[in-house]
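Note sheet for the following structure.
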Amino acid sequence: MGAYYDEIEIEDMSWDEVKGVYHYPCPCGDRFEISRKQLANYEDVAICPSCSLIIRVIYDPLDFEDEPSDDESQPEENEEDESESNSDDDHFQDALDQLTLHEESKPAMIAVSA
584 MGAYYDEIEI EDMSWDEVKG VYHYPCPCGD RFEISRKQLA NYEDVAICPS CSLIIRVIYD
644 PLDFEDEPSD DESQPEENEE DESESNSDDD HFQDALDQLT LHEESKPAMI AVSA
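Letter 77 of the sequence shown, counting from 1, is numbered 660 in this note's numbering, and no numbers are missing.
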């Protein structure tokens with residue numbers, strides 16, 4: 584990652600309730616933005632959506648440890664997927680229990696004289 588335009592303390596940023604991000608004015612006229620989830624995931628780079636400038640946000644990660652991270656929100660979906668796959672496994676095992684193999688009769692040996 585390139586050099587930071589500036590290092591800004593989280594206390595100097597404003598919270599935008601509507602967008603759910605902290606923001607700070609950018610020289611281009613737009614705003615640098617960073618979400619609480621990004622901060623909870625130890626991401627400290629706020630980007631400006633209009634230009635290539637970035638800032639480093641100085642903050643205490645412990646202030647955001649109660650924020651659900653992206654990793655914590657996915658297990659609910661994965662649990663459903665696992666339960667579906669477990670039911671598939673159960674169905675597969677049931678099919679194996681019902682499977683019966685029949686022995687094929689072996690062909691008799693035929694003597695050939697030359």
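For glycine and all other residues, C-beta sits at the position ideal for the given N, C-alpha and C. As the structure is a prediction and not an experimental result, all values here were calculated from the model.
Which of the three DSSP states is assigned to residue i in this structure?
i	result
Pro644	helix
Ala629	strand
Glu594	helix
By alpha-carbon positions, which one of the options ends up nearest to residue i?
i	options	result
Pro644	Cys634, Ser633 and Asn624	Asn624
Lys620	Gly603, Val695, Gly612 and Asp613	Gly603
Gly612	Asp627, Ile591 and Cys634	Cys634
Confirm, please, whether the CB-CB distance from residue j to residue i is below 7 Å.
i	j	result
Asp589	Ile637	no
Glu598	Tyr605	With the sequence shown as reference, residue 598 is identified as Trp, and Glu is not the correct amino acid for it. Taking 7 Å as the Cβ cut-off, Trp598 and Tyr605 qualify as a contacting pair.
Phe615	Ala629	yes
Ile617	Val601	no
Confirm the yes/no value for this check: CB of residue i, any heavy atom of the ligand ADP, distance under 6 Å.
i	result
Ile638	The ligand ADP is absent from the structure shown, which contains no ligand whatsoever.
Which partner residues does residue i have in the DSSP bridge list?
i	result
Tyr607	Phe615
Is it buried or exposed, residue i, if we count other Cβ atoms within 10 angstroms and call 16 or more buried?
i	result
Cys631	buried
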